[in-house]
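First up is the structure itself, then whatever we jot down about it.
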Amino acid sequence: MSELYEALAPFYAELNGDVAYERMAKYVQKSFSKYYSGEVKDVLDLGCGSGNMTFPLLSLGYSMIGVDASENMLAEARAQKKGDDVLWLCQDMRSFELYGTVEGAVCTLDCINHLLKQKDVLSCFSLVHNYLVPNGIFVFDVNSPYKFKNVYGENTYVLESESAFCVWQNFFDEKSGRCHFAVDLFEEMNGLYSRRSADREEQMYTERKIRAMLAQTGFSVISVTDDYTDDAPIATTERLTFVARANKEK
Numbered sequence: 003m004s005e006l007y008e009a010l011a012p013f014y015a016e017l018n019g020d021v022a023y024e025r026m027a028k029y030v031q032k033s034f035s036k037y038y039s040g041e042v043k044d045v046l047d048l049g050c051g052s053g054n055m056t057f058p059l060l061s062l063g064y065s066m067i068g069v070d071a072s073e074n075m076l077a078e079a080r081a082q083k084k085g086d087d088v089l090w091l092c093q094d095m096r097s098f099e100l101y102g103t104v105e106g107a108v109c110t111l112d113c114i115n116h117l118l119k120q121k122d123v124l125s126c127f128s129l130v131h132n133y134l135v136p137n138g139i140f141v142f143d144v145n146s147p148y149k150f151k152n153v154y155g156e157n158t159y160v161l162e163s164e165s166a167f168c169v170w171q172n173f174f175d176e177k178s179g180r181c182h183f184a185v186d187l188f189e190e191m192n193g194l195y196s197r198r199s200a201d202r203e204e205q206m207y208t209e210r211k212i213r214a215m216l217a218q219t220g221f222s223v224i225s226v227t228d229d230y231t232d233d234a235p236i237a238t239t240e241r242l243t244f245v246a247r248a249n250k251e252k
């Protein structure tokens with residue numbers, strides 16, 4: 003997986019230009035204000051990539067910590083205008099360490115699905131719980147079973163930007179809940195295209211399974227909604243958004 007994101011790092015923002023990061027950040031802000039009794043000051047962005055969610059949250063006044071396993075992604079984030087205002091840490095989601103606690107944490111754009119074993123998700127959730135203050139709020143999303151079966155499936159997609167395009171071929175195994183992606187990235191250089199290939203996998207987790215793992219790691223689920231809205235999930239929901247509270251004594 004890391005090889006894919008190392009290759010995609012310079013083009014990630016362009017290739018995800020249709021993602022409503024500002025709307026997602028507003029939803030996170032509303033969740034923090036509604037469900038945390040104090041003031042949320044410090045926020046962890048887990049799997050932050052090149053900062054597409056980190057910077058909108060930074061602009062809302064939060065002190066941001068960005069954690070990602072890709073050095074190239076973090077280099078892209080640091081190079082941006084506000085990159086010096088964020089603490090960037092190159093660490094694995096399953097074993098990260100912070101210098102202190104935070105009141106809020108986010109993990110967006112199906113980063114949890116990149117954790118292919120339940121023990122990895124449990125490790126991630128346990129660490130988030132450890133670094134949240136008592137009653138701290140964790141907002142994250144996962145791709146729904148509907149998306150794995152009907153959007154990923156056996157489909158092939160082409161994503162284009164001004165400087166590159168990607169060809170994604172999907173191979174979903176419903177029995178294991180695992181989707182394999184074969185990705186070819188074509189980068190334009192002086193009128194010619196160079197090609198880089200990489201593989202990626204995601205694991206499907208049901209809402210019931212996520213709830214169970216949150217409970218096991220000390221969280222209570224506040225809400226599960228449809229893609230950073232107040233709407234309840236429906237049969238065709240592609241992204242489930244969870245808001246959870248860290249249960250721990252002060």
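First residue of the sequence shown? That's 3 in our numbering, and the numbers climb one at a time after it.
Here a beta-carbon is modelled for each residue, glycine too, at the ideal position from N, C-alpha and C.
All figures in this text were calculated on a predicted structure; none of them were measured in a lab.
Worksheet item: Should threonine 239 and tyrosine 148 be called a contact, given that it needs their Cβ atoms to be closer than 8 Å?
Response: yes
Discussion item. Between which residues of its own chain and valine 130 is the CB-CB distance below 6 Å, once the five residues before and five after are set aside?
Written reply: Ala107, Phe140
Discussion item. Can you look up glycine 138 in the DSSP assignment and give me helix, strand or coil?
Written reply: strand
Item to complete: Tell me, please, whether the stretch 109–118 touches the stretch 38–51 by the rule of three or more beta-carbon pairs shorter than 8 Å.
Response: yes
Worksheet item: Shortest alpha-carbon distance to glutamate 203 belongs to which of Lys211, Ser222, Gln218, His182?
Response: His182
Item to complete: Jot down the residue ranges of each uninterrupted alpha helix (DSSP H) in the stretch 143–223, minimum 4 residues, whole runs only, in chain order.
Response: 209–218
Item to complete: Could you say which of Tyr207, Ser33, Ile236, Ser35 lies nearest to lysine 122 if we only look at CA atoms?
Response: The sequence given here places aspartate at residue 122; lysine does not occur at that position. Selected option, being the one with the closest Cα: Tyr207.
Worksheet item: Which two residues bound the contiguous beta strand (DSSP E) that contains phenylalanine 244?
Response: 241–248
Practice prompt. Provide the residue(s) that pair with serine 35 in DSSP beta bridges, ordered along the chain.
Written response: Its beta-bridge partners do not exist; DSSP assigns none.
Worksheet item: methionine 95: which of Phe34, Ser72, Asp228, Asn152 sits nearest, CA to CA?
Response: Ser72
Worksheet item: Can you tell which of Asp232, Glu176, Gln82, Ala237 has the C-alpha that lies nearest to the C-alpha of lysine 28?
Response: Asp232
Discussion item. According to DSSP, aspartate 44 sits in a beta bridge with which residue or residues?
Written reply: Ser65
Discussion item. So, does the stretch 150–169 touch the stretch 51–69, judging by three or more C-beta pairs under 8 Å?
Written reply: no
Worksheet item: Roughly how far, in whole angstroms, is the beta-carbon of phenylalanine 174 from the beta-carbon of lysine 151, given that I think they are within contact range, below 8 Å?
Response: 7 Å
Discussion item. Whole angstroms are fine: how far does the CA of alanine 237 sit from the CA of arginine 247?
Written reply: 26 Å
Practice prompt. Quickly, what does DSSP pair glycine 106 with across the bridge? List them, please.
Written response: Val45, Ile139
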